[in-house]
Every structure is written in C-alpha cells, then in structure tokens.
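Working notes, structure below.
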Amino acid sequence: DLVGDEGASTIQGLIQSASRQGTGSRATVIGLIVLLFGSTSAFSQLQGALNRVWDVPTASHGGVMSMVRARLWSFAAVLGVGFLLSVSLVLSAAAAALSRYGSGWIPGISGVLLLTESAGSLIVHTLLFAMIFKVLPDADIRWRDVWVGAAVTAALFYLGKLAIGVYLGRSEIGAAYGAAAWIILVLAWVYYSAQIVLFGAEFTRAYATRGARVPQPSFSPEARGTPSPPTSPRSRPPRA
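Throughout the sequence shown, residue numbering follows this note's numbering, covering 412 to 651 in sequence.
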C-alpha cells in the first residue's frame, strides 16, 4: 500500500533480478558478510548520533574482544529491529487480506481491521523505537521517559507513512519517471525515517531533562549505582 501496485512490481523485479545474478554459494556468503558488516556499521553510526544527542561520550573499546562484543551487540539490535519490523509487516498483510476477502461476508469489517492494523502498527513501532532509544545510547535513561519519546516518534512515523501512501495513490509519478521515481521515493522515505528517529531522540532528551535530572553515561559510577571514589586527603581543602 505504501508504494502502490506499480512501485511494488518494480521493487519485486529488482529483487528477483538480484537473486538470479547471485545464485552461487560464494555470492551468498559474501552477500551475508557485507549485509552483516553494513547493518552493524549503520547501528554503530546511529549509536554515535544518539550519544551526541544525549551529550555523552561513546564507550571506548579497549581491544579486539571489546570491538567484537560491540559488533555482536549491534547485530543483536539488528535482529531485534528486524523481528519487530517483520511483525509489523505480517500484521499489515493479514489485515489487508482479511479486509479484501472478508468484506463480502461481514459488512463493516474493513473499518474495524483498519483501526486494528493502525493500533497494532503503532504498538509495534513504539516497541521498536523504545528499544532503539533505551539500548543504543550510552546514557542512563529512565523507561518512563523512553516510552513517551517512543510513542511520539511512532505517531510521527505512522503519519509520514500515511502521507506518502496518499501522495503515491493520487500522483502519476511512476508514469512520468518510471522505475527511477520509486528508487528516489524509497531513498526519500529512508531519509525521512532517519530524521524522525533523530527528532524522537531530541524529544526524548528534552522530556527527560525537563527537571533538574541530567542523564549520566551508562558506564559512569553514578549510572551504575556505585558511589564515586573517595577524595584523597591531599586533594581535600584545608579546614578553616
């Protein structure tokens, strides 16, 4: 529904063409390695951007094992995001199928399914953004602040999805520019999504710091709940 029938056919043709060109096992292994490295690098860059939003330093990786653990952590985040996106796609596909085949049996079921799909999509996207805002930054953020920011981000994400869907449904951009138009629209949607994530992070930070509390880095003694090291006698000011 987002890119329309013509856009879906174009994207499907590109995917089928790519799959036919790389049918060998060597190409599959290389593709998986590139996908793994690219996805973890993207999440590492997103983590750095969120750390700049929260004004906290990125935790340093002292050695090779620390870097490997950081990559594995990013890969786990990729799997979590992929799972939540898959759930969202399954819900949307199931709602569309039930609306198409069940409207003749149960009058008015299309509206109920649309509301159900919208609510389910908002819930899944809220969970997705909550995981991103809580796990990726190296800052100690309270869950109640994370949930508010994630809900606002999910609402903006859903509104943007609806706006693009309405625009594509009423425009003839595919007929004017062909397959290139859909590639540009996909890139524009990726750019919009990135801006929404960063705006949501800024909103979460503004909401979390509305009082006197300033989130500390997650690897600091204050965030871990351990007291700071005592001051040495030499550094103490002399008594009056």
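The beta-carbon is built from N, C-alpha and C at its ideal position, and this holds for glycine as well.
Using only alpha-carbon positions, find the residue among the options that is nearest to residue i.
i	options	result
residue 611	534, 541, 436, 499	541
residue 498	522, 521, 536, 486	536
residue 562	573, 530, 593, 440	530
residue 538	600, 446, 566, 484	566
residue 490	594, 554, 543	543
residue 604	576, 555, 569	569
residue 505	454, 525, 462	525
residue 595	453, 575, 613	575
residue 533	509, 545, 496	496
residue 597	476, 520, 571	571
residue 461	613, 601, 599	613
residue 620	516, 599, 509, 552	552
residue 502	446, 527, 468	527
residue 492	546, 509, 573	546
Using a 10 Å radius around the Cβ and a threshold of 16 neighbouring Cβ atoms, would you call residue i buried or exposed?
i	result
residue 444	exposed
residue 437	exposed
residue 548	buried
residue 577	exposed
residue 616	buried
residue 608	buried
residue 593	buried
residue 458	buried
residue 441	exposed
residue 601	exposed
residue 467	buried
Residue i and residue j: beta carbons closer than 7 angstroms?
i	j	result
residue 484	residue 550	no
residue 618	residue 559	yes
residue 486	residue 451	yes
residue 448	residue 488	no
Using a Cβ-Cβ distance cut-off of 7 angstroms, determine whether residue i contacts chain B.
i	result
residue 494	Looking at the structure shown, chain B is missing, and only one protein chain is on hand.
Determine the DSSP secondary structure at residue i, reduced to helix, strand or coil.
i	result
residue 466	coil
residue 615	helix
residue 620	coil
residue 516	coil
For the ligand MN, I want to know if residue i counts as a neighbour, meaning its beta carbon is within less than 6 angstroms of at least one of the ligand's heavy atoms.
i	result
residue 443	Only the bare structure without any ligand can be found here, which leaves the ligand MN out of the picture.
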